[in-house]
Each structure stands twice: as C-alpha cells, then as structure tokens.
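Protein chains in written order, with our numbering: chain B, 1 to 238; chain D, 1001 to 1328; chain V, 2001 to 2290.
Heads up, the beta-carbon is just placed ideally off N, CA and C, and yes, glycines get one too.
Since the model is a prediction, treat every value here as computed from it, not as a measurement.
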Amino acid sequence: MPVTSAAPAHNGDMLTVRGLNVSYGESRVLFDIDLSVGARQIVACVGRNGAGKSTLLKSIAGFLKPLSGSVTCDHASLVGQASYDIAKMGVKYVPQDKKVFSDLTVRENLELGSYASQDYNWDRITGYFPKLKELMDRKAGFLSGGERQMLMIGRALLGNPKVLLIDEPTEGLAPSIVAHLKTVFGELSRNAALVIVEQNLPLVCAISSKVYALKEGRIAAVLAGRESIRADVCERYL
Amino acid sequence: MVKAFRWWWGILLAFSLVGLSRLFLPLPFINEVIIFSIYTIGCSFLLGRVGFISFGQPAYLAAGAYGTAFYLFYFGTNPFVGLLLGVLSGLVVSGIVGPLFVRLRSDYFALVNLALAVIIYYLMQKVLADFTRGDNGLWFLTNMASTPLLDISRPDQFFIFALLVALGVWAFYKYLDDSIFGACCLATKINEDKLEFLGYSNYSVRLLAFIIANTTTALAGAMYAVYLGFVSPEITSPSRAADPVIVTILGGTGTLYGPLVGAIAYTGMKDVISKLIGNWELFIGFLLVFIMLAGDKGIWGSLQPRLEKLFSRRNAPGAPDDVGATRR
Amino acid sequence: MMDAQLLISGVIFGLSIGSIFFLMAIGLSLCFGLMRIISLDQLLYYSIGAYLTYTLSLVTGSVWLGILGGLVVAGIVAFAVERLIFRRIYDRDLTFSMITSFGILIGGIGVIKFFWGVVPRPVPIPMMTQLDIAGTEVPVYRLIVVAIAALVYAGIWLFLNRTIIGKAIRAGIENVEHVEGLGINVSRLFTITFIIAGSLSGLAGGLHAPLIMVDPSMGLEVLAFVFMVVIIGGLGSIKGTLISAFMVGQVVSLGSLIYAPLAQMAPFAIMLLILLVKPTGLYGSALLKR
C-alpha cells in the first residue's frame, strides 16, 4: 500500500480503525482496513461505487458488525456496541440517502437530536446553517436536497460530537450549496474530527489533510501532505 | 437408467416406508397422514420456494372437497370423476383470486387468504346452506359406485390409490424443484429485481406457483371427500387455518419430504398429546415458537443436511451430482 | 326502507364493534410501522384482557375494575413476550414474525384453557341503563365503549404528536436507523410501543367481554375481522385504522340487519376492492418489499 508521505503518528488520534473486516452476508466487502483520524483533522475516503466507502462508515458507526478488527474513539472501543450507544459516545453518522423525518417539522427533527444528546443549544447549529432558522416550522419532507443535507448535519452536531462520519454530502447539490458546505466543514473541523466519503475529488482534495483511496474493499493508497493530495493523484489509485 | 433411479430413489423409499407402515399402524391414521401431507406440500411449496405464507389454505381445501361433494351428492357416482371435478374447482378458484392475491405483500397475502377461508366457511355454512346442508354436511358415502381395478370407495383400496397419488405429487414437485421454473420461484423469493432483469416476470412466476400449490391443496380436499364420503364446513373452519403452516414449519419449510415428515409428526403428536395432557394448543404453540427461535429448520430440515453428509461420504469424491438445484 | 329505530341501534352497534376493532388494530398498525413485525399475538392480549375482566369482576364485584386489571395484565404479558421473544427476531422478515406470533397466540390459548377451562364464561354488563335517542332505546354501555375509543384515539394522537417519545416513534416508523444514529435507544422505543399495543388490545378484550361470552378461542374468532380492518386501513397508519374500523363496524352491523350471513362477508368484498386499487390499503405504507 503506497504511502506518498509520512503517515501521522497514531497516538494522538481521535478515531483509529485497525484490521477491519466486514461482510454483507456471504460476501466480503472490506479487507483489513486501517484508518486513523486526528481530533481536528479532515480525512477523506474516496473510491468508485461499490468500493466499500459507505460500508466502512456504517461499520464504524455500529450499523454493521465487523468480522474482525478494532475501532477505537478516544480510547473507547466501539466494536460490538449498539449504534445508538456509539452515537452517544460522540461518533455521529450522517447517511448518504438525504432522508430526514419528512412527517416531522425541522424543529421537531432537531428536537429529537437534542433529546438524545441533551444539547439544546441550537444557536451553534443555526450559526452554521442560518437558513434552518426560517425553515423551523416547515415539514422536513418539503425541504430541498440542500436544505435536507444541512438539517442532517445540523442534527448530528447536537451533543458536540467528537467524530463526524459524513457520507457523500454534496451528491446532487447545487454548486453554491457545495461551496457553503465546504466552508462549514472547515469550521467544523476546529472542534471535531471529520471523515468524509466523497466522489467530488477536487472538493475533498481542497479541504482534507489525508485521503484514503478505497478500491474493491481495500485501501489502495493513503495520501497525506499538501503536494500529494490532488485529484489526479487520487484517480491513479482508483 | 441409473440416472432415473437416482432421481426416483428418495421418493420410492419414502413411500415404500409409508406403505410398509400399514402393517403396524392403523389404516385411518395412514390415510389421514397421506392426504394431510398432500394438503401441506402446496403450502410448503408456497412458503419455502416462493416466500408466501398463507393462513387460508382451508379455502382451497374446501373448494376441492365441495367440488367433489356436489358432484357425488347431486349428479353422479363415479369417485374418479368426483376427484377430477374437485381438482378443477380448486384450479378455478385459485385462478380467479390468484391475479389479485399474488400482487400483495407477503403479510397482506397471508391475511387475505385467511379472509377467503373465513368467507368460504360462512358461504358453505349459512349462505349456500340450501345446497350444502350447512353444518350437517353432505353425505354421499353410499352414492359412490365401486370403481374397476381399484375400488377407492373402500378404505384399504383407497390407501393404495392415495399412495400412488402421493407418489405422483411428490414426483411432480421434485420435477418442479429441478426445473427452471423451480429456480425462478426461489429467485422471486430471494431477489426479485434480478429476476426481472433476466427477463422473467415475477408476477407470472408467482401466479403459476400459486395456482399449482392451491390446486394441489384442492386435490387433497377432493381426496378427503372421497375418503370420508362426507364434507361439512368444518373442513374450512378458521381454527384449522394454520394447520398446514404449522405442519410445514414442523417438517421443514421448502424441503421435499418436510410435509410428509411434518404430517406424520403432527398427526401422531396430536393423538398422543391429546390423550396425555389434553391441552394440545399449549404444546403446539410453544413447539412452534421454539422451532422458530431455534433456527426454523423443522424436523426434516435439520435431519436432511446430516443425512446428506452421511450419504455423500459413501459416494466417490468428485462424482457428478444431478444437474440443477436438487433439494430433497 | 329500514325502520328508523333499527337503523339507530344498528349504527350504535356498529360504532361499538368498530371501536373494539380500532383498539386492537392500532396496536397491530404501530407494531408493524415501527418494528416491521406482524404481531398476531395481539389477539392473545385481547383474550387475556377479557379473561382477567371476567375473573376480577367476579372477585371484586366491579366490571370496570376488571377491565382496568385486564388492561394492566395484558400490558405486562406483552412486555414479557417482547423482551423474551420479539427482541430476538426484529431483524427477520415479516413471515417469520407472523409464524412466531401465531405460535405465541396458540400457546397462549393453551395457557388460558389450562387456567380457565373451555367452557364459555359470561361477564355482566357494568350498567344496564338505556338512553333514549330519537325514540330508540340505546344501551349506555355501548356508548361508553365508543367514548373510550374516541378518548384513546385522542390520547394516541397527543402522544404521537406532542410528546418527544411519540415523535421519536413517528420518526422510527419512517426510518429506524436514522433514529438510532441520533443516539436514541430504539430498543426501549420498541418495548414501549409493544406495551402500548398489548395494553390497548387488553382494553379491547375487557370492553368486549360483557358483550359476548368469554371463551378460549375468542381471539381466533375476531382475528379475521381485526386484520381486515388493518389491511383496509393500511398497516402503519392510525388515521387509516380509524376510518376502516368505523367502516367495517358499520358494514357488519347494518349489513346484518339486511342479510345476516352476507354481513360477515361484506368486509372481505370491500377489502378486495380496495386492494385492487391500492395494494397496501387505504393509507398503508408501501415502504417494505416482500
């Protein structure tokens, strides 16, 4: 596995994955995955469709039980825990499907997040996403794709998570919203570790300090360091 | 020749054993078991292969039974013709409701069939009581003429006939299992999108399977009618609705001999338990839950892999197996 | 043209029987919507509610106390069943829960037979007073049953729309994984929902007991009707359940005034018609594949 720069030390990392093996029923999807994210780092996970990126995030978040391997967040082991306990421990997963609770209002969606985390400070959320303030009483089913993505991330921010696992956030969104998200991610990483799965290579290369290239369930390359993190370099490993 | 034997040997063995048991088991018990297992194999096929559970098999049982009964009570005396008409009734009923039922999701399907059974129960009991004599039932034992070669109006000869029919039914279902159609059925259960992409229609596969399974059930109903010489609405009473499902689970869903093993176990246990503790429901309910929680393979379903392992050690390694999906 | 008196008592009768169906159907609908299980054992909690009403009314002399007791015990049994059995099978498919819950129902009937025997038992109606409505004598008890069902509907609505747990349940009906991802303990949510369902079924049984004879197979007898209500209304929708319970109640009642046997079959015909047009029922969620 080619590493094009010195890998950061493991000790100060917020999230560490070692030797993770995951399968869906009979078929193996992830092979021996090693991954680490620092406390205020943005790490990207790129790869073609079916490479296993979502599976990786879901396994870390506890929605899939791995065959073997370890996942630790801030010295606490995550493997085998229920997904809601993992979320409570500060590892929040923002899924790819852009689904919010359509029958509930934006306010109620946030209330659920607050209820789980006991964090009722919404100013932080509306600070990142001012648009949500106007949409508070609208049923979430009537939001646009971009608004939904903002709500999903905003909801996940409640409770001050240590790690945010974000699955394809910019898929299908307008460029202006993508730009807004880019800024928000930058600000978020001041307080949390971010692992972003993306197909949008230029975006992730601009904001990430480390990129994992996933190919057919294995880490094909780890890119770290400003010079090596470029879209064309990523492409080579996919 | 050898290939034909290898194909038939399981079925021949199973039913030879059943035939032999005539020597030490009472005739009514065995006749009941044979008909019951034919009743169940349709249900097992639907559940195990197509993934549909039906709590309304009595509806089709009644279709077959009453079809035969009407003929033998009002029109004629030939039991074979009666049987044929019973089967045809089942074919017609399942052909009519099939196109609607088969489109439904599995839970709706189960309950819609239950509702059909309830409706037919009320129909036979009250609405058409003028024709069906309601709860008194239709009696036509004396109407049945003796048939040449094999007089099926007599229980001991009926037994031989039933054995032959069962042999035929099992051969048919084994053939289905091995055929493309059988593979399609499994496919609709496992991955219906893929089946559509391959060019098959899920709806058509399910509809055909539905009609086949319920016509088999109607055959059982017709056989009950001829055997007992009597049909009443009790045959489709809602409390009997789950019998085939229980027997299917007991024997092992989707296996070829599961229904037979299940029917033997169920009928046998019912006799014994009822005499011992009288509270049959308690026993069967807990047994059902236990089987489901313990792996839902059933009696034959758990035995079969072990038996296969036992026999395959005898065969030479690398011996070619039958082509196609062979489930025993 | 029907006699006005007959019509009025027919409507009231239909409303009361519809109320019983509704109370049971809510439980089934919620259990399906949130946990994706078919809980046929709700019919057992119905029977438990009825039998406890019988016994407690004998012991304490008050039928209302009996109904309350029936509700509570049914809820407790539901809790036990959820923790012991259903907790293990939530990830399996629908047919699995159907068969398992049916086994629980049958086994439970056996337990009832064991304690109470097979002879049907009568339960006295708590109040024999009649009310005069437009010249017809209407039993007050039936009106109370309808009133209770209306209160329950209001209560459930408030619960689902005004409490945070209720909102979590509604969110879970849409997408359980997302609720988990927020950090909410869905296992507890499931248990709460199941207890609510069981208690409501027990209440239905208790309320129904004075109107019929209590016997071990009473659950099986109403099974088909309760499910027709649920299917017509659509699994997962409370509003749909209310509408279809009302409809089925009226059809059974008014239909039997016209021609008794047909009345039992009419709901089936309606169900088929509705399924032809909407294969998941009036308001059913089409979310799940087979």
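Any beta-carbon of chain B closer than 8 Å to the one on G2281 (chain V)? At least 8 Å separates the CB of G2281 (chain V) from every CB of chain B.
For the candidate residues V:V2146, V:G2155, V:H2178, V:V2140, whose alpha-carbon lies nearest to that of P99 (chain B)? Reading the sequence as shown, one finds Lys at residue 99 (chain B) and not Pro. Taking the Cα of K99 (chain B) as reference, the smallest distance to any Cα among V:V2146, V:G2155, V:H2178, V:V2140 is reached at V:H2178.
Pick from B:A140, B:K88, B:E147, B:N160 that is closest to D123 (chain B), judged by C-alpha positions: Residue B:N160 is the option with its Cα nearest to D123 (chain B).
Below 7 Å on C-beta distance, what does V2186 (chain V) contact in chain D? What V2186 (chain V) touches in chain D: nothing, since even the nearest Cβ is about 21 Å away.
If you measure between the beta carbons of G1258 (chain D) and G1301 (chain D), is that distance less than 8 Å? The answer is yes: Cβ separation under 8 Å.
Can you tell me which of D:Y1200, D:A1063, D:A1145, D:V1247 puts its alpha carbon nearest to the alpha carbon of V1097 (chain D)? The candidate whose alpha carbon is nearest that of V1097 (chain D) is D:A1063.
How long is the line joining the alpha carbons of G1137 (chain D) and G1278 (chain D), rounded to whole angstroms? Taking C-alpha positions only, G1137 (chain D) is separated from G1278 (chain D) by approximately 27 Å.
According to DSSP, residues forming a beta bridge with C45 (chain B): Partner(s): B:V197, B:Y212.
7 Å Cβ cut-off: residues of chain V touching A1062 (chain D): What A1062 (chain D) touches in chain V: nothing, since even the nearest Cβ is about 14 Å away.
Let me confirm a value: N1191 (chain D) is counted as buried when at least 16 other C-beta atoms fall within 10 Å, else exposed. Which label applies? By the neighbour-count rule (16 or more Cβ atoms within 10 Å), N1191 (chain D) is not buried but exposed.
Quick one: give me the first and last residue of the beta strand (DSSP E) that N21 (chain B) is part of. Counting along the chain, the beta strand (DSSP E) containing N21 (chain B) begins and ends at 13 to 24.
Sorted by chain position, which residues of the same chain lie with C-beta nearer than 6 Å to L158 (chain B)'s C-beta, five sequence neighbours on each side aside? Counting only Cβ-Cβ distances below 6 Å, and skipping sequence neighbours, we find G113, S114, S117, D119.
Provide the residue span of the beta strand (DSSP E) that contains F31 (chain B), from first to last. Start and end: 27 to 38.
F2197 (chain V) versus Q2042 (chain V) - alpha carbon distance: First, the residue type needs correcting, since residue 2197 (chain V) is Ala and not Phe in the sequence shown. Looking at the two C-alpha atoms, the distance is approximately 7 Å.
Coil, strand or helix - I60 (chain B) by DSSP: Note: I60 (chain B) maps to helix in three-state DSSP.
Is P175 (chain B) helix, strand or coil by DSSP? P175 (chain B): helix per DSSP, three-state reduction.
Could you tell me whether any Cβ in chain V is nearer than 8 Å to the Cβ of F1045 (chain D)? Answer no: the Cβ-Cβ gap between F1045 (chain D) and chain V never drops below 8 Å.
How far does the beta strand (DSSP E) with S70 (chain B) in it extend, from its first residue to its last? That run of the beta strand (DSSP E) goes 68 to 73.
Closest by CA to V2292 (chain V), which one among V:K2239, V:S2256, V:G2206? Residue 2292 (chain V) falls outside the range modelled here, since chain V spans only 2001 to 2290, and no answer is possible.
Tell me whether L2216 (chain V) sits in a helix, a strand or coil according to DSSP, three-state version. It should be noted that the sequence gives Pro, not Leu, for residue 2216 (chain V). Coil, per DSSP.
Pull the bridge partners of L2131 (chain V) from the DSSP assignment, please. Among the bridge pairs identified by DSSP, L2131 (chain V) is matched with V:V2138.
Does the beta carbon of G113 (chain B) come closer than 8 Å to any beta carbon on chain V? It does; some Cβ of chain V falls within 8 Å.
DSSP beta-bridge partners of R2121 (chain V): Note: R2121 (chain V) is bridge-paired with V:V2214 in the DSSP secondary-structure output.
Could you tell me if G2181 (chain V) is buried or exposed, where buried requires 16 or more neighbouring beta carbons within 10 angstroms of its beta carbon? By the 10 Å Cβ count, G2181 (chain V) comes out buried.
Which residues in the same chain have their Cβ closer than 6 Å to the Cβ of L2131 (chain V), if we skip the five residues on either side of it in sequence? A distance below 6 Å between beta-carbons, with the five flanking residues on each side excluded, links L2131 (chain V) to the following residues of its chain, in chain order: V2138, V2140.
State whether the segment 1006 to 1022 of chain D contacts the segment 226 to 237 of chain B, with contact taken as three or more CB pairs (one from each stretch) at a distance under 8 Å. Segments in contact, no.
I60 (chain B) and S209 (chain B) look like a contact to me (Cβ under 8 Å); what is the Cβ gap, rounded to whole Å? With 8 Å as the limit, I60 (chain B) and S209 (chain B) do not qualify as a contact, their Cβ atoms being about 19 Å apart.
According to DSSP, is I122 (chain B) part of a helix, a strand, or is it coil? According to the sequence displayed, residue 122 (chain B) carries Trp and not Ile. Coil at W122 (chain B), not helix or strand.
Consider the Cβ of G1086 (chain D): report whether some Cβ of chain E lies at a distance smaller than 8 Å. No chain E appears in this structure, whose protein chains are B, D and V.
Exposed or buried, what is V1312 (chain D) when buried is set at 16 or more other beta-carbons lying within 10 Å of its beta-carbon? The amino acid occupying residue 1312 (chain D) in the given sequence is Ser; Val does not appear at that position. Within 10 angstroms of the beta-carbon of S1312 (chain D) lie fewer than 16 other beta-carbons, which makes it exposed.
Give me the chain D residues within the contact set of F2194 (chain V), using Cβ-Cβ distance strictly less than 9 Å, ordered along the chain. Under the 9 Å cutoff, chain D gives no residues; its nearest Cβ is about 16 Å from F2194 (chain V).
If we define contact as Cβ-Cβ less than 8 Å, is V1169 (chain D) a contact residue for chain V? V1169 (chain D) does not count as touching chain V.
Any chain V beta carbon closer than 8 Å to G159 (chain B): Answer yes: the Cβ-Cβ gap between G159 (chain B) and chain V drops below 8 Å somewhere.
Decide if M2213 (chain V) is buried, meaning its Cβ has at least 16 other Cβ atoms within 10 Å, or exposed. With fewer than 16 other CB atoms across the displayed protein chains lying within 10 angstroms of its CB, M2213 (chain V) is exposed.
Using only CA atoms, which one of D:M1001, D:L1176, D:V1092 lies nearest to R1049 (chain D)? Scanning D:M1001, D:L1176, D:V1092 for the CA closest to the CA of R1049 (chain D) turns up D:L1176.
Report, in whole angstroms, the separation of the C-beta atoms of A1069 (chain D) and V1205 (chain D), which I expect to be a contact under 8 Å. About 33 Å; that fails the 8 Å criterion.
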